[in-house]
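Notes follow once the structure below has been shown.
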Amino acid sequence: MNQVTSRVFRQSLVVVVLALVLVGCGTEQNDSKQETTGQVPKRETTGQAYTPPKNTPPAPEPVRSPPRKEKPAGKVIQVGPAPEGIIADSKTGLVAVSLSNPDGLALVDSQSGKLVRTVKTPESARHLGLAAPGGPVLVPAERADSLIQVSLPDGKITSETKVGNFPHNAAASNGRIFVVNEFESTMSVIEDGQVVKTLKTLLQPGAVAVTEGGLVGVVGVRSLGLEIYDANTLKSLGRIDAGEGPTHVVPGPGGRFYVADTRGGAILVYSAKPGLKQLYRVPLADSSPYGLAIDPEHDRLWVTLTAKNRLIGLDLGNGAPRQVASYPTLQQPNGVAVDSSSGRVFVAGRREDKLQIIDPQTGG
């Protein structure tokens, strides 16, 4: 081929590669309508086995929230541009919120609601984790292909570890950190700031969570499955269907995992012991459940509904989760966290650059 043809070919190839990379859980495509009718084939899911989709669907996204019609419950403060990832640390009394353009973390006092400081980071993160009570904050820097650790309460970057392609979420257990690399379909296992193992995962892992009993749950957002690993041996304990479009997972007591089936409009509850199985499906039709936060001290699961600018609380005390609370939120409530010591809930309104603080004990 001549030089002109070769140059055109290379330019076209770059465009195609960039288009593929931009299709991912939690990217800027969350400002577009969710894929629903006619684009994603429905599957028969029993919750008892894992059946990969015949045609790999696009990664699920939260719907673009409509303009607010209600005043957000509780207190609202300005935190910075495009807040989304959020984690609450009861030990230091701080809430960390990820920001984009410029990239960084906002550290907020959970009691007063005051912005303590903003920490500049090399890249942005869609989701945050916590290595242990008291920190550090785990910051998967997606476009830097690295995991950044930020100490609390001083907000200093203490380490940066190179991981896989586009790290999207991180969780920790007993000194080990698990980072899912969304565009590589792998999970990096980190000890003492070094990657000690890289595991193959379900297609496009978008979420990871670790139970107190040492079980690691990974959601494949394009393979529509949940896979469980032993945190110590790193062996897979099984895979199971996870609805029509799962996005997030959080751990619960007794080896349970709670998954947001964003495209399927439901919360799915799984038990990993003695065997992996689905226990319940809580329907939340036409609401696009997305952000999840669990409060084990008060037996609550908090869920953001991006289609309705709403936060709901599910009681986990007996049997199937049941709704016991509902609050109006900021627009595009993609992220939620809870301080278990107080029960206070924090919601990141991505489209308003604000953080919402709700105290369920006083009705908001």
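If you count by this note's numbering, then the sequence shown holds residues 1417 to 1780, one letter each, in order.
Glycine included, every Cβ here is placed at the ideal spot set by N, Cα and C.
Out of the options, state which residue places its alpha-carbon closest to the alpha-carbon of residue i.
i     : options                       : result
N1648 : G1691, E1598 and A1588        : A1588
E1477 : L1640, I1606 and D1715        : L1640
T1627 : K1689, T1678 and R1638        : K1689
G1609 : S1704, N1517 and R1592        : R1592
G1751 : A1676, P1712, L1692 and P1569 : A1676
V1740 : Q1777, E1558, I1773 and K1613 : Q1777
Q1747 : V1479, T1467 and N1471        : V1479
S1526 : K1536, I1493, P1499 and L1554 : I1493
P1712 : S1481, S1506 and T1678        : S1506
V1495 : G1580, D1775 and A1764        : A1764
P1556 : T1467, V1532, Q1772 and I1502 : I1502
F1599 : E1576, E1558 and L1717        : E1558
P1552 : S1652, A1560 and I1573        : I1573
V1579 : Y1674, N1590, P1569 and T1614 : T1614
K1470 : K1536, E1660 and L1544        : E1660
S1567 : L1717, M1603, Y1743 and A1512 : A1512
L1768 : P1468, P1473, R1484 and D1570 : First, the residue type needs correcting, since residue 1768 is Glu and not Leu in the sequence shown. Closest option to E1768, Cα to Cα, is R1484.
P1662 : P1744, Y1674 and Y1696        : Y1674
P1538 : P1549, L1523, A1560 and L1730 : A1560
P1669 : N1734, R1766 and T1508        : N1734
G1680 : F1594, H1664, F1582 and L1692 : H1664
L1618 : H1543, T1467 and Q1772        : T1467
F1594 : L1554, I1710 and N1581        : L1554
A1489 : S1757, S1756 and I1728        : I1728
E1643 : K1693, V1611 and V1612        : K1693
H1543 : E1500, R1533, T1508 and V1524 : E1500
P1549 : T1508, R1716 and G1529        : T1508
H1584 : G1545, G1571, N1590 and V1612 : G1545
L1695 : D1715, A1709, V1524 and R1672 : R1672
S1757 : P1744, D1731, G1629 and R1716 : R1716
First and last residue of the beta strand (DSSP E) that includes residue i?
i     : result
L1746 : No beta strand (DSSP E) holds L1746; DSSP gives it neither H nor E.
T1663 : P1662 to G1668
N1585 : P1583 to S1589
A1475 : That residue, A1475, is in no beta strand (DSSP E); it is neither H nor E in DSSP.
D1711 : P1705 to D1711
V1553 : V1553 to A1557
Q1494 : K1491 to Q1494
S1516 : Segment: none, S1516 is in no beta strand (DSSP E) and carries neither H nor E.
G1357 : Within the shown structure, residues of the chain are numbered from 1417 to 1780, placing residue 1357 beyond reach of any answer.
R1592 : R1592 to N1597
DSSP state of residue i, grouped into three classes?
i     : result
T1722 : coil
T1534 : strand
Q1620 : coil
T1602 : strand
T1452 : Legend: pLDDT at T1452 = 34, less than 50; position of this residue unreliable, value from coordinates given subsequently. In the structure shown, T1452 sits in coil (DSSP, three-state: anything other than H, G, I, E or B).
A1764 : strand
Q1777 : helix
L1771 : strand
N1446 : A caution first: N1446 carries a pLDDT of 38, below 50, which makes its placement in the model too unreliable to give a value.
L1568 : coil
G1501 : coil
L1640 : coil
D1755 : strand
E1607 : strand
P1465 : According to the sequence shown, residue 1465 is Ala rather than Pro. Looking at A1465 - three-state DSSP - the assignment turns out to be coil, as it is neither helix nor strand.
T1614 : strand
Against chain D, with Cβ distances strictly below 8 Å, would residue i count as a contact?
i     : result
T1577 : Absent from the structure: chain D. Only one protein chain is present.
Determine which residues share a DSSP beta bridge with residue i and list them.
i     : result
K1578 : S1562
Q1694 : Y1686
P1699 : A1682
Y1793 : Residue 1793 lies beyond the range of the chain shown here (1417 to 1780); nothing can be said about it.
S1652 : Y1645
R1716 : D1711 and D1731
D1738 : Before going on, a small fix: residue 1738 reads as Arg here, not Asp. D1731.
L1544 : BP columns for L1544 are empty, so no partner.
D1657 : G1641
Would you check if the distance between the CB atom of residue i and the CB atom of residue j is smaller than 8 Å?
i     : j     : result
I1606 : L1563 : yes
R1726 : A1475 : no
A1504 : A1682 : no
V1624 : V1666 : no
D1702 : A1736 : no
G1636 : P1621 : yes
S1516 : A1498 : yes
S1575 : A1541 : no
P1569 : L1510 : yes
V1685 : W1718 : no
K1616 : S1601 : yes
Hey, is residue i close to the ligand ZN, as in C-beta under 7 Å from one of its heavy atoms?
i     : result
D1769 : The ligand ZN is not part of the structure shown, which contains no ligands of any sort.
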